[in-house]
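Undergrad: Positions 5 to 289 (the working numbering) are the ones given, in order, by the sequence shown. Glycine residues also receive a C-beta, built at the ideal position from the N, C-alpha and C atoms. One structure, as structure tokens, below. Some questions next.
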Amino acid sequence: MSIALRELTSAFGAEISNVDLRVLSDVDFADIRAAFEEYSLLLFPGQDLDDDAQIAFSKRFGSLEKTYANIGNNFTEGYVACMTNLDKDGNLLTEDDPRVQLRIGQRHWHTDSSFKRVPATASLLHARVLPPAGGETEFCSMRAAYEALDDKRKIALEGLVAIHHYAYSRRDMDIDLTDKETNDRLPPVPQALVRENPANHRKNLYVSGHAMHIDSMDEKEGRGILDELMALCTEDRFTHSHTWRVGDLIMYDNRCLMHRARPYEITKHSRILHRTTVAGAGPTA
Numbered sequence: 005m006s007i008a009l010r011e012l013t014s015a016f017g018a019e020i021s022n023v024d025l026r027v028l029s030d031v032d033f034a035d036i037r038a039a040f041e042e043y044s045l046l047l048f049p050g051q052d053l054d055d056d057a058q059i060a061f062s063k064r065f066g067s068l069e070k071t072y073a074n075i076g077n078n079f080t081e082g083y084v085a086c087m088t089n090l091d092k093d094g095n096l097l098t099e100d101d102p103r104v105q106l107r108i109g110q111r112h113w114h115t116d117s118s119f120k121r122v123p124a125t126a127s128l129l130h131a132r133v134l135p136p137a138g139g140e141t142e143f144c145s146m147r148a149a150y151e152a153l154d155d156k157r158k159i160a161l162e163g164l165v166a167i168h169h170y171a172y173s174r175r176d177m178d179i180d181l182t183d184k185e186t187n188d189r190l191p192p193v194p195q196a197l198v199r200e201n202p203a204n205h206r207k208n209l210y211v212s213g214h215a216m217h218i219d220s221m222d223e224k225e226g227r228g229i230l231d232e233l234m235a236l237c238t239e240d241r242f243t244h245s246h247t248w249r250v251g252d253l254i255m256y257d258n259r260c261l262m263h264r265a266r267p268y269e270i271t272k273h274s275r276i277l278h279r280t281t282v283a284g285a286g287p288t289a
């Protein structure tokens with residue numbers, strides 16, 4: 005029996021049902037891959053996945069990024085990043101813990117790995133444990149925003165390069181979440197301001213909370229352009245908010261979507277989502 009697809013918004017996103025990702029035929033996978041390129045965000049509800057099954061499904065899209073040991077994953081390396089407010093022993097973290105501050109920082113719009121020379125293609129996020137309320141994830145389509153621009157504006161943006169830096173996106177935090185080792189490993193990198201999907205050749209803006217300024221442009225002028233485009237991409241008409249249910253798997257296209265976490269009582273209720281990340285094909289600029 006073939007998969008069923010339901011559009012989530014008129015701009016982007018689709019729910020894929022009637023499928024078990026652990027036993028996926030080549031025909032159904034081809035349909036899912038095509039849907040990913042078309043809709044940018046795919047929701048697979050009710051998926052009973054352990055880490056091995058999530059990794060296996062993710063790898064069908066390409067090589068995976070391997071996380072390095074850092075404060076955001078309780079200093080655990082591997083293909084799965086545990087997005088949680090618990091320590092290694094399963095205890096809730098306190099508000100002043102840097103790991104909680106890191107999760108709070110994820111409430112700003114961003115796209116995963118844009119601070120890397122080769123940014124990620126996609127992230128897959130699976131809900132394991134959820135709070136009773138709050139903790140939604142909001143997405144916005146930079147493709148839909150680009151398509152809303154007039155031709156003159158599109159031409160003006162073509163060929164521009166923004167400089168992205170991990171430390172820049174953490175500049176307003178109450179606690180320093182970067183160190184020399186992190187800064188040395190993740191220096192500022194160039195990213196094209198306009199990207200093109202290689203499968204369907206549809207273009208999109210590529211901005212993020214990690215974007216500092218525009219290369220070879222007055223810093224204030226470049227910052228103004230980035231702020232303008234961030235505001236455009238995050239208008240209500242280009243956004244979708246997902247309320248999680250245990251077992252939901254969401255796959256989102258980091259090449260053309262931004263996302264942000266929404267608040268919940270982070271020191272009172274457990275929340276565990278596991279993320280795998282499909283690596284990018286090469287530099288954008």
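1. Taking the alpha helix (DSSP H) that I291 belongs to, which residues open and close that run?
2. Go through the stretch 13-85 residue by residue and report every complete run of the beta strand (DSSP E) that reaches 3 residues or more, in order.
3. Span of the alpha helix (DSSP H) holding R147?
4. In this structure, how does DSSP classify I270 when only helix, strand and coil are distinguished?
5. According to DSSP, which residues form a beta bridge with L90?
6. Can you tell me the Cβ-Cβ gap for V84 and H278, rounded? I've got them flagged as a contact below 8 Å.
7. Could you please give me the residues that DSSP links to S127 through a beta bridge?
8. Would you check if the distance between the CB atom of Y150 and the CB atom of K207 is smaller than 7 Å?
9. DSSP three-state label for F143, please.
10. Looking only at its chain, what residues have a beta carbon closer than 8 Å to the beta carbon of D32, apart from the 5 residues adjacent to it on each side?
11. Using CA coordinates, which residue listed in G284, T288, T280 is at the minimum distance from E81?
12. How many angstroms separate the CA atom of H244 from the CA atom of F143?
13. Once DSSP output is grouped into helix, strand and coil, what is the label at I229?
TA: With the given structure in hand:
1. In the structure as shown, the chain starts at 5 and stops at 289, and residue 291 therefore has no counterpart that could be examined.
2. 18-21, 45-48
3. 146-151
4. coil
5. L96
6. 5 Å
7. Y256, T281
8. yes
9. strand
10. S6, I7, V23
11. T280
12. 5 Å
13. helix
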